[in-house]
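Here the structure is laid out as structure tokens; the discussion comes afterwards.
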Amino acid sequence: MLTRAQLDTFQEEGYVVLPRVIPDTLIGDVLEELAAIATDLVDNERQHHPGLDDLASLEHFAQLIELSRRTGKIYSQYFDMSYPTGVTIPADTPINTGPALFSFITSPALLDCVESIIGPEISSNPVQHVRLKLPEGTLPENTTNSLVGTVPWHQDNGVTTADADAANILTVWAPITQATIESGCLEVLPGSHRQDLLHHCACPEGYAIPERVISSLDGSAVPLEMDPGSVLFMHKRTIHSSLPNQSTDQLRISLDLRYNPIGQATGRSLFPDFVARSHRSPELEVRDPSEWSGLWERTRERLRVGVEPSAFFRWEPNDGMCA
Ligand SMILES: O=C(O)CCC(=O)C(=O)O
Ligand SMILES: [Fe+2]
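All the letters of the sequence shown, read from the start, carry residue numbers 1049 to 1371 under the working numbering.
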């Protein structure tokens, strides 16, 4: 649970960081799950690319960094717990909905904190990601993929569809490895949640608030260095971005999750939400990780045929205000 003072900070600043929320064992389980995916990927790529054999001697995540560097490919989708937003989701799109991630999303300690901010009827919102941010020097050239690179200034409200503008969506950001200024932690603009939703522009990395708008705002950015186990709770209109990973050999691994009161729009209605906690109807809670992964499997089946772009994309690609 959050203390009164922590809740006040959240209301005043638009975010609060709590230390030691997630047990070490859960962080370890997530790391292990991700490391297993990295190993499988490397083993698979080694069969197709002779000359990668020496990777086997490296530690799991070092293998992944070196693999991306040598092949110039981005492997983020194998680790992510959501699909890319696009008009179709091809049938062979990988997704990572492993049991450790499910345990993290539904961990009682985390839900207790979420409950103190949005109340006891909690839905897990499908706007959620696993990010393994690569060292800048190893990023394939011209990469704009925000799961492995930087994220420009934005409000999470700007990333969801307008039907959810009234929904009380809470962002939860959790480092799995050390998030430092060097490794590419988040930065926030304190108090910026009092702004309305600002105009976002479609850019290769996703959606961004233009730099000239950011520099006209009061206050300065605060980098949030965080240890694994700590958790950031952030208002959906708090303006934030993330720094480049300037380390040479460390992945910055993080999960970003969102929760909203049950029954409210998620802002990505084609992707599945589920009841994470309900005092009123506990029988609705999803407790089985395979039920969760089934929801995503069926979503991919449905979206293979394609949808209207407006189902995902909020801002026009060639918007006059962004020229
Ligand atoms: O993890 C990052 O680098 C950016 C995350 C972000 O913008 C978010 O979680 O809302
Ligand atoms: Fe964000």
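Backbone N, C-alpha and C define an ideal beta-carbon position, used for all residues, glycine too.
N- and C-terminal bounds of the alpha helix (DSSP H) containing residue i
i: E1253; result: Where E1253 is concerned, there is no enclosing alpha helix (DSSP H), given that its DSSP letter is neither H nor E.
i: I1262; result: 1259-1263
i: I1113; result: 1108-1119
i: R1052; result: 1052-1061
Member of the options whose CA lies at the smallest distance from the CA of residue i
i: Y1063; options: H1283, N1366, D1204; result: H1283
i: S1155; options: T1191, L1100, V1334, L1299; result: V1334
i: L1100; options: H1108, D1091, E1107; result: D1091
i: D1056; options: S1164, S1105, T1225; result: S1164
i: H1108; options: H1327, I1166, L1299, M1049; result: L1299
i: T1413; options: M1274, A1250, L1218; result: Given that the chain is displayed from residue 1049 to residue 1371, the structure contains no residue 1413 and the question cannot be resolved.
i: V1065; options: V1220, P1258, A1371; result: V1220
i: S1295; options: P1174, A1148, G1232, T1198; result: G1232
i: E1184; options: S1358, P1292, E1235; result: P1292
i: R1242; options: L1106, Q1203, S1329; result: Q1203
i: A1148; options: N1366, E1345, A1269, W1340; result: W1340
i: S1290; options: P1320, L1272, D1321; result: L1272
i: H1327; options: P1309, F1319, G1342; result: P1309
i: F1360; options: V1261, C1370, M1369, V1207; result: V1207
i: P993; options: G1342, F1152, C1161; result: The requested residue 993 is not part of the displayed model; the chain covers only 1049 to 1371.
i: Y1307; options: P1258, D1244, N1216; result: N1216
i: E1174; options: A1083, V1323, D1367, E1259; result: The sequence shown places Pro at residue 1174, rather than the Glu named in the question. Of the candidates A1083, V1323, D1367, E1259, the one whose C-alpha sits nearest the C-alpha of P1174 is V1323.
i: L1079; options: R1362, A1256, P1223, H1247; result: P1223
i: V1261; options: P1188, L1305, P1200, V1162; result: P1200
i: S1240; options: D1297, E1253, P1168, I1257; result: I1257
i: V1270; options: T1286, E1259, Y1255; result: T1286
Cutoff 6 Å; reference residue i; Cβ partners in own chain excluding five residues on either side
i: R1179; result: L1195, S1302
i: H1288; result: L1234, V1236
i: Q1125; result: P1142
i: P1365; result: A1250
i: S1268; result: none
First through last residue of the beta strand (DSSP E) which encompasses residue i
i: D1304; result: 1300-1309
i: P1200; result: 1199-1202
i: I1170; result: 1170-1181
i: V1236; result: 1234-1236
i: V1270; result: 1270-1272
i: H1283; result: It is not in any beta strand (DSSP E) - H1283 carries neither H nor E in the DSSP assignment.
i: A1222; result: 1218-1223
Spatial neighbours of residue i in its chain, beta-carbon cut-off 7 Å, leaving aside the 5 residues before and after
i: D1128; result: I1143, N1144, H1177, V1178, L1195
i: V1135; result: G1354, V1355, P1357
i: R1068; result: G1277, S1278
i: P1337; result: P1147, F1150
i: M1369; result: H1247
i: P1320; result: P1174, L1343, W1344, T1347
Own chain, CB closer than 8 Å to residue i, minus 5 neighbours either side, in chain order
i: I1137; result: Y1131, T1347, R1348, L1351, R1352
i: D1211; result: A1313, G1315, S1317
i: Q1111; result: A1086, T1087, V1090, L1103, A1104
i: F1058; result: L1050, V1064, I1165, F1281, H1283
Min CB distance residue i to chain C below 9 Å
i: Q1298; result: Absent here is chain C; the protein component of the structure consists of one chain.
**Study point:** Continuous alpha helix (DSSP H) assignments of at least 4 residues falling wholly in the region 1316-1352
**Key:** 1337-1351
Review point. What residue ranges within the region 1079-1165 form continuous alpha helix (DSSP H) runs of no fewer than 4 residues, ordered along the chain?
Key: 1108-1119, 1147-1153
Review point. Which residues, in chain order, sit with a beta-carbon under 6 Å away from any heavy atom of ligand 2?
Key: H1202, D1204, H1288
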